[in-house]
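> Going down the list, the sequences are from chains A and B.
Numbered according to full-length UniProt numbering, the first sequence spans residues 1 to 243.
Numbered according to full-length UniProt numbering, the second sequence spans residues 1 to 322.
We treat Cβ as the ideally placed atom computed from N, Cα and C, and that holds for glycine.
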Amino acid sequence: MTDGGSVTDRVNMGSLLSGAEEPVVQFENVGMRYGLGPEVLSDVSFQIAPRSFQFLTGPSGAGKTTLLRLILLSVRPTRGLVSVFGEEVSDISSEALTGLRRRMGVVFQDFRLLDHLTTYENVALPLRVQGRAETSYRAEVVELLRWVGLGERMHVLPPLLSGGEKQRAAIARALIARPELLLADEPTGNVDPGLGRRLLRLFIELNRLGTSVLIATHDFALMDLVDARRLVLGGGRLAVEHP
Amino acid sequence: MTVTSTSRPTPPPPAAAPQEALPTTLRRNAPLVPTDSAASRALAAVIAILTFLAALCAGAAEIVASSADQWQGTVAQEVTIQIRPNPGRDLDADVAKAEALAKATPGIAATRVFSKAEAERLLEPWLGSGLDLSDLPVPRLVTLRLADAGPPDLKPLRAALGEALPGVASLDDHALWLRRLSTMANAFVGVGVGLVALVLVATGLAVVFATRGAMAGNREVVEVLHFVGADDDFIARAFQRRFFRLGLRGGVIGSAAALAAFALAGFVARAWQSGPAGEEIEALFGAFHIGWRGYASVLLIGVIASVVTGIVSRLTVRRFLA
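Right, dumping it as structure tokens:
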């Protein structure tokens with residue numbers, strides 16, 4: 001299967017899930033509504049296996065971001081069970097919550113870089129909040145910045161970065177702590193198709209190193225580049241499509 | 001998972017690529033919580049003003065306390081025997097007898113008899129000068145300076161005076177006056193301590209408002225810090241550091257202003273010393289010295305204000321996040 005593009009062949013991302021391994025994320029009949037509004041998600045059930053790669057797709061407003069926020073534990077489900085790294089999250093302590101978040105990396109659609117910190121400081125943030133000394137991570141951060149092509153821009157404040165540079169900085173920040181699960185919300189939404197494919201390769205490389213990856217996108221051209229499972233949201237319900 | 005060879009992701013740049021040596025630190029000392037300069041300046045100014053007021057209260061209380069101590073020390077070193085003139089008695093003989101009795105009492109270091117002229121001069125401030133007081137029954141005084149080794153037991157002397165000069169001589173150890181003085185001084189110090197406490201509470205409340213404002217203004221930053229794995233304590237410490245610095249700045253400015261105010265007051269008091277007003281001031285407050293204890297309490301208040309600022313902001317953040 002090829003997409004005929006000159007850059008890449010279609011990549012087969014088969015599941016490596018073995019029966020004994022615990023899923024990284026598990027949703028069971030999850031329903032979610034904001035306040036008294038209608039249910040944004042209803043009866044959503046799925047698993048994310050360790051070291052798996054999948055897309056989350058669906059039309060705008062289908063609840064992709066809400067589902068990511070549920071996994072990120074920034075909102076709690078109205079009903080149903082959400083487990084992350086084997087831990088049921090309904091009455092999780094704030095210490096345990098911090099512990100789980102440190103095992104995840106997230107790329108927001110709007111990047112959420114801190115404007116008063118340099119690119120370097122933004123990317124180093126996940127390590128800094130763990131209380132690590134700067135000497136212990138400096139080389140690592142610089143190497144990653146160079147890898148994503150921001151080696152020359154590490155002292156620049158985010159407002160001076162272009163959209164693509166911000167995106168790469170946000171991705172570098174998500175990757176720096178070597179997360180076990182990477183969540184990305186429209187990570188290629190603001191970049192040209194060429195850079196989009198390069199970023200996708202970055203995620204695939206990360207996945208090959210053992211990270212589970214969930215990319216929320218409605219870019220079908222991008223999804224067609226990879227043979228990966230698709231979680232399709234529509235009307236608040238989730239369908240799983242296998243390639 | 002299989003990946004075709006043509007679709008391998010771009011590897012990291014080769015190690016051989018020229019790489020300049022890294023500087024020792026790439027982190028500026030930018031605070032994690034951005035500082036809004038206008039709000040920060042306003043809070044530092046509020047803390048400076050409150051510290052200044054608290055330091056003034058503490059310094060004034062210290063002046064009163066140390067002056068009262070001085071008066072008490074001087075007054076408690078002396079007791080007075082008063083001998084009233086009595087028709088049919090020889091006043092000078094009574095005075096000599098009282099002095100002899102006092103000298104015989106252990107613990108009395110020295111005695112001084114006020115002559116008739118001296119006794120009359122004591123009345124001058126009330127009656128004016130140039131009056132013939134010879135017809136007035138002016139009582140005579142004998143002051144006794146007590147030995148330094150603790151206050152002696154004055155009861156035997158009082159009894160002996162009562163026996164030898166009944167109804168004529170009385171012994172005044174100023175106990176009533178001392179009690180009143182010490183009550184007044186304690187009241188002043190108590191009011192001072194209360195005012196300092198109130199001002200520190202006001203500082204704390206100002207910091208609570210400022211912290212909540214900063215939290216609301218930095219909601220996005222706090223959210224991002226949470227998502228990248230910061231726990232509540234880390235975020236609270238970031239706010240604490242920022243507010244402690246602000247508090248320190250305000251505290252230093254306030255304390256310095258208070259020290260300057262005391263120095264200026266001392267200078268003015270010395271400049272006026274020659275005039276009558278200066279004498280009154282000096283009599284009341286000494287030379288306007290707040291002493292090392294005063295300076296220490298002014299500095300301590302500056303430090304306490306900044307520590308209170310840091311701790312209150314941390315607690316506020318913890319409560320806000322909870």
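Per DSSP, what kind of secondary structure is A/Asn207 in: helix, strand or coil?
DSSP places A/Asn207 in helix when its eight states are reduced to three.
> With 16 other CB atoms within 10 Å as the buried threshold, where does B/Leu264 fall?
That one is exposed.
> Starting from B/Gln240 and walking both ways along the alpha helix (DSSP H), at which residues does that stretch end?
Element bounds for B/Gln240: 232-271.
> Look up B/Ala100 in the DSSP assignment and say whether it is helix, strand or coil.
If DSSP states are grouped into helix, strand and coil, B/Ala100 belongs with the helices.
> Among the candidates B/Arg27, B/Val95, B/Leu101, whose CA atom is the shortest distance from the CA of B/Lys116?
Nearest C-alpha to B/Lys116: B/Val95.
> Give a yes or no on whether the minimum CB-CB distance between A/Leu182 and chain B is below 8 Å.
No, A/Leu182 does not count as interfacial toward chain B.
> Is it true that the CB of A/His218 sits closer than 8 Å to the CB of A/Arg229?
It is not a contact, given that the beta carbons lie outside the stated cut-off.
> Let me know if A/His155 comes out buried or exposed under the rule of 16 or more other beta-carbons within 10 Å of its beta-carbon.
So A/His155 counts as exposed.
> If we define contact as Cβ-Cβ less than 8 Å, is A/Gly86 a contact residue for chain B?
For A/Gly86, the answer is no, since every Cβ of chain B falls outside 8 Å of its Cβ.
> Start and end of the alpha helix (DSSP H) containing B/Arg41?
First-last of the alpha helix (DSSP H) with B/Arg41: 37-76.
> Compare the beta carbon distance of A/Leu233 and A/Leu67 with 8 Å and say whether it is the shorter of the two.
A contact, by the Cβ cut-off of 8 Å.
> Do you know whose CA, among B/Leu198, B/Ala58, B/Gln240, B/Phe188, lies nearest B/Trp292's CA?
For B/Trp292, the nearest C-alpha among the options comes from B/Ala58.
> Whose Cβ in chain A lies nearer than 7 Å to the Cβ of B/Val224?
Per Cβ cutoff of 7 Å: Arg112, Leu114.
> Note down the Cα distance separating A/Arg128 from B/Leu32, rounded to an integer number of angstroms.
Roughly 10 Å between the two C-alpha positions.
> Does the CB of residue 323 of chain B have a neighbour CB from chain A at under 8 Å?
One cannot answer for residue 323 of chain B here, as it falls past the ends of chain B, which runs 1 to 322.
> Below 8 Å on C-beta distance, what does A/Pro126 contact in chain B?
Here the neighbours are Val228, Gly229.
> Tell me, which residues are paired with A/Ser212 by DSSP?
In DSSP, A/Ser212 forms a bridge with A/Leu181.
> Are the region 131-149 of chain A and the region 240-253 of chain B touching by the rule of at least three beta carbon pairs closer than 8 Å?
They do not touch, by the three-pair rule.
> Apart from the five residues just before and just after B/Trp160, which ones in its own chain have a Cβ nearer than 7 Å to its Cβ?
Note on identity: in this sequence residue 160 of chain B is Ala, with Trp being the wrong assignment. Hits under 7 Å: Leu101.
> Would you mind reading off the limits of the beta strand (DSSP E) that contains A/Glu21?
Looking at the DSSP string, A/Glu21 is not in any beta strand (DSSP E), and its letter there is neither H nor E.
> Rounded to whole angstroms, how far is the Cβ of B/Gln82 from the Cβ of B/Ser170, which I believe are closer than 8 Å?
Right, the Cβ-Cβ distance comes to about 5 Å (below 8 Å), so this counts as a contact.
> Locate the beta strand (DSSP E) running through B/Thr143, then write down its first and last residues.
Here the beta strand (DSSP E) through B/Thr143 covers 140-146.
> Sort out for me which residues DSSP pairs B/Thr80 with in a bridge.
Per DSSP, B/Thr143, B/Asp172.
> Take A/Gly99 as the anchor and find which of B/Gly254, B/Phe267, B/Arg242, B/Asp232 has the nearest alpha-carbon.
Looking at the Cα atoms, B/Asp232 is the closest of the given residues.
> Are the region 123-140 of chain A and the region 78-97 of chain A in contact at 8 Å, needing three or more beta carbon pairs?
Verdict: no, contact absent.
> Pop quiz: A/Arg173 and A/Leu125 are said to be a contact at Cβ under 8 Å. What is the actual Cβ separation, rounded to whole angstroms?
Yes, A/Arg173 and A/Leu125 are in contact; Cβ-Cβ is about 6 Å, under 8 Å.
> Mind checking which residues open and close the beta strand (DSSP E) that includes B/Ala110?
Where B/Ala110 is concerned, the enclosing beta strand (DSSP E) stretches over 108-113.
> Keeping to the same chain, check which residues put their C-beta closer than 8 Å to that of B/Pro34; ignore five residues upstream and five downstream.
Around B/Pro34: Asn218, Val221.
> Taking beta-carbon pairs under 8 Å, can you tell me which members of the region 65-98 of chain B lie near chain A?
Under the 8 Å Cβ criterion, the region 65-98 of chain B contributes no residue.
> List, in order along the chain, the chain B residues whose C-beta lies closer than 9 Å to that of A/Thr118?
In chain order: Leu26, Arg27, Arg28, Ala30.
> If you run the structure through DSSP and keep just helix, strand and coil, what is A/Ser54?
The residue asked about is misnamed: residue 54 of chain A is Gln in this sequence, not Ser. Three-state result, A/Gln54: strand.
> How about B/Val221: is its C-beta nearer than 8 Å to some C-beta of chain A?
At least one chain A Cβ lies under 8 Å of B/Val221.
> By the DSSP assignment, the alpha helix (DSSP H) with B/Gly310 in it spans what residues?
Start and end: 291-321.
> Given A/Gly164, which residues of its chain have a CB within under 6 Å of its CB, disregarding the five upstream and five downstream residues?
Closer than 6 Å at the Cβ level, and outside the excluded window around A/Gly164, lie Val191, Leu195.
> I'd like to know whether the C-beta atoms of B/Pro137 and B/Pro85 end up nearer to each other than 8 Å.
Yes, the pair counts as a contact, with Cβ atoms nearer than the cut-off.
> Hey, A/Leu231 and A/Leu73 are a contact pair by Cβ (cut 8 Å); roughly how many whole angstroms apart?
About 18 Å separates the two Cβ atoms, so there is no contact after all.
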